[in-house]
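The structure appears right after this line, and notes come after that.
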Amino acid sequence: MAALASVLGLLVIGPSAPGGALIAKPALPPGAARGIVANRVMTWNLCNPCGGREYNAGRAADIATYAPQVVGLQEACVRDVEQIRDHLELLYGLVYHVAYGSVLHNWGRCGGFPWSPGGFGQAILSAAPMTDRRLVEYPDGGSEDRGYLAVTTTVGHRPVRVVDTHLAQRRQESVRAGQAEVLAREVARHERIIVLGDFNATPQAPELAPLWKVAADADPACGPTPGEGCATTTDWHSKFDYVFLRGIAPLAQGVHPSRYSDHHPVHADLGPVGGPRGTTHD
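In my numbering, the protein residues as written are 37 to 318.
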């Protein structure tokens, strides 16, 4: 009886974390994915600082609910991403590879010790292995270093280039304009590419014009000219988070408010990679 009680307790509480402590398993809502969903990608700014490591089980549950093939994270501390990835595997059976694009090594941002600070920046989770990792820091980051992380991985059943970025803070329009020019040149080099990230600008912001020339948002209601129905992605009701596509057609997009960040996870379901070229705005 004692052995049976121990087993039942583990089923309720969940497996142990790498440090040995038991982790409460957040329940997923009805209709949650039952495994990795092909041709689905997600972008999410985790918000730093917004809570501590106690948020990571909930963040993992939010990701597991939609179980994308690829997830681009911003404002991500390496230690948090490690824990989120462990929770996804141990609690939900979702196995992801990870690529880090840290642009800061900052004790205050991500903890650690003064002689071993935590890495802060972007990270990409992918169900398939990633190759050709490239981290580029923008020439001008604004108030703190910013950049983009690029990898090649599999979406659907085809290799595709994926970029994850975070542009300069909201009141730094001129800095973002320069960053968007750098990013747009990279996007234009590829016939098919997915760009995930927090751009800190609404679709009509002038600094995003270079990107609209080479890619389209997965939400067809969002574009460089004002329209109705463009879903906001932040607690302050602005559209700052994008899944930009070049050469890939979107099928659907969802925005999901979360208690674990001031940005909402945004997922997009995509048409077959390698299919008809996605629409771009001239």
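Where a beta carbon is used, it is the ideal one built from N, C-alpha and C, also for glycine.
T261, DSSP secondary structure in three states | Taking the first residue of the sequence shown as 1, we reach residue 261 at position 225. It is coil, neither helix nor strand.
So, helix, strand or coil for D305, using DSSP?
-> The count along the sequence shown starts at 1 and reaches residue 305 at position 269. D305: strand per DSSP, three-state reduction.
H133 versus I99 - alpha carbon distance = As a first step, residue 133 must be located in the sequence shown, where it is residue number 97. As a first step, residue 99 must be located in the sequence shown, where it is residue number 63. Taking the straight line from one Cα to the other gives about 14 Å.
As assigned by DSSP and simplified to three states, the class of S162 = Taking the sequence shown and counting its residues from 1, the one referred to as residue 162 is at position 126. It is a strand residue.
What do you get for H303, buried or exposed, if any count of 16 or more other CB atoms within 10 angstroms of its CB means buried?
-> By one-based count along the sequence shown, residue 303 stands at place 267. The residue in question, H303, is buried, as its Cβ has 16 or more Cβ neighbours within 10 Å.
Do the CB positions of D234 and H299 come within less than 8 Å of each other?
-> Residue 234 sits at position 198 when you count from the first residue of the sequence shown. Residue 299 sits at position 263 when you count from the first residue of the sequence shown. Yes, Cβ-Cβ distance for D234 and H299 is below 8 Å.
Over what stretch of residues does the beta strand (DSSP E) that includes N75 continue unbroken?
-> As a working note, residue 75 is residue 39 in the sequence shown. Segment 73 to 81, the beta strand (DSSP E) holding N75.
Beta-carbon contacts of G290 that lie in its chain and below 6 Å, excluding the five residues immediately before and after | Walking along the sequence shown from the start, residue 290 turns up at place 254. H303, listed in sequence order.
Inter-residue CB distance, N75 and L306 (contact presumed, cutoff 8 Å) | Taking the sequence shown and counting its residues from 1, the one referred to as residue 75 is at position 39. Taking the sequence shown and counting its residues from 1, the one referred to as residue 306 is at position 270. 5 Å between Cβ atoms; contact.
Exposed or buried, which one is V131 when buried takes at least 16 other CB atoms within 10 Å?
-> Position 95 of the sequence shown, counting from 1, holds the residue named residue 131. Exposed.
Starting from G154, trace the alpha helix (DSSP H) both ways and give me its first and last residue.
-> Numbered from 1 along the sequence shown, position 118 holds the residue referred to as residue 154. G154 -> no alpha helix (DSSP H), and no H or E assigned at all.
Over the uninterrupted beta strand (DSSP E) stretch that includes C113, give me the two end residues.
-> What you label residue 113 is simply residue 77 of the sequence shown in a count that begins at 1. Here the beta strand (DSSP E) through C113 covers 104 to 113.
According to DSSP, which residues form a beta bridge with V223?
-> Looking up residue 223 in the sequence shown gives position 187. BP columns for V223 are empty, so no partner.
Out of curiosity, what's the CA-to-CA distance linking L219 and G129?
-> Residue numbering aside, residue 219 sits at position 183 when the sequence shown is read from its first letter. Residue numbering aside, residue 129 sits at position 93 when the sequence shown is read from its first letter. For L219 and G129, the distance between alpha carbons rounds to 35 Å.
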